[in-house]
Amino acid sequence: MQLAKLSFLLLEIFGIWRPIEWHGVKAWFYDCYTTIMLSIFFTMSTTQLIELIRSLNDAEKFINDGLFVMTIVTACVKCANIIFKRTQIIALDKTLKKYPFAPEDEEEILIKKKSNDLIQWIALIYGISVYVSLTTMTVRSFLVDTPKHAFPFSAWLPYNCDSGFAYWITFICQHIADIMAATVDIGSGSMLSACMLQACAQIKIVLHRLKKLCLDVEKIKINEGYIIEQCIKHHLDTINFAEKVNGIFTYSIMLQYSVSSVIICACIFQLSHVPIFSSAFTSIGLYLGCMLLQIFNLCFFGTVISHQSAEMCSNLYDLDWTSLSILGQKSLFTMMVRASKPIRFSSGYIFVLSLESFTSLLKLSYSTYNLLQHTSQS
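The sequence shown maps to residues 5 to 382 in the working numbering.
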């Protein structure tokens, strides 16, 4: 997959994304593996959700358990979204390999390479931060929970866990579900960021082709109308690509954005009630850092694509219009009119992914934290 190779590799390892080139027996075995992994994931998530509902009368337990339950439920939605939208995601990836998205000269190849390199670095940095946090929590669980015969996450279990075998199976399954939730978050977030950056790269390629036309207009005068027409089509295809991406991930983004403020607030509330430098403080602190990085990543690149698409008007204005025919100038003006409406990624068509939204999210989390702190002191 061209979108985010590292992200898809992680999803393949945990049975969420079957490699496209696998068919026949290999595909059948992988589907069986997927069924097993998803059964563990969704079963453990359901048991934790049931236990959370059972703890409604205990506010402190509800906050502590809800912190991780909301994360894993969000991951379940993202996982289901990736599986059910598989065909559409593959179609997006194929689109990037065909004309007009495929690079045509060295400059365009360089633009694509820079974009792909940045995508890989984002996935790597975010993946490392999440897995470091996950490793810390897992090690703490083995050191603290196993001696007490306790579980890392509160869950309602319809069977007796007093025996060693039942306990260890459940303990391991909970950690597998936790690892899968982290992997889905990495894969889904990196995939969306990759799509945003690919759209940015396509806008740069459109501008490069128009600049090349203005510089070489005497050599390709006969093809001026056709080239501008193709550039306009390329620009519209890029907008259509962004709209399809937004349609695929809109509900995942909406859920992520909605629960992030609650999770951030709950993390800060918990940090204020545990000793500094304790294992619990470290685990929650790393978890909070990953959550902030995840939502900031989406909001930042949402701002980048909006700024890049809005800036296209001024970039078109800076071209050498005098070298073009009257018809070519009219076509560029039409393109400027369309570019005046920037590309925006929204969560559920309600919240726009931007740094302003990220700031508002932090303000909401802080206000909610103050309310919880005041209530607990009362």
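Even for Gly, the Cβ is constructed at its ideal location relative to N, Cα and C.
- The beta carbon of Gln234 sits closer than 7 Å to those of Pro104, all from its chain and outside the five residues before and after it, given in chain order.
- Looking at the backbone, the Cα of Gly70 and that of Arg213 are separated by about 51 Å.
- Per DSSP, Ile280 lies in no alpha helix (DSSP H) and is assigned neither H nor E.
- Assigned with DSSP and collapsed to three states, Phe155 falls in coil, not helix or strand.
- Close CB contacts of Ser287 within its chain, under the 8 Å cut and outside five residues either way in sequence, are with Ser137, Thr140, Met141, Arg144 (chain order).
- Relative to the Cα of Tyr37, the nearest Cα in the group Arg22, Lys89, Lys152, Gly289 belongs to Arg22.
- Listed in chain order, the non-local C-beta contacts of Ser192 below 7 Å within the same chain comprise Lys82, Ile86, Ser256, local neighbours out to five positions each way being set aside.
- For the pair Asp241 and Lys334, the Cα-to-Cα distance works out to about 20 Å.
- The three-state reading of DSSP puts Ser351 in strand, counting E and B together.
- The beta-carbon separation of Cys199 and Val278, rounded to 38 Å, does not stay under the 8 Å limit for a contact.
- The residues Leu71, Met74, Thr75, Met295, in chain order, have a CB closer than 7 Å to that of Ile267 in the same chain once the five nearest residues on each side in sequence are set aside.
- Judged by beta-carbon spacing, Ala8 lies beyond the 7 Å limit of Ser167, meaning their Cβ atoms are not closer than that value.
- Linking Cys165 to Thr39 through their CA atoms gives a straight-line distance of about 24 Å.
- Here the alpha carbons of Ser371 and Ile231 stand approximately 54 Å from one another.
- Nearest to Val341 by alpha-carbon distance, out of Ile236, Ile20, Tyr163, is Ile236.
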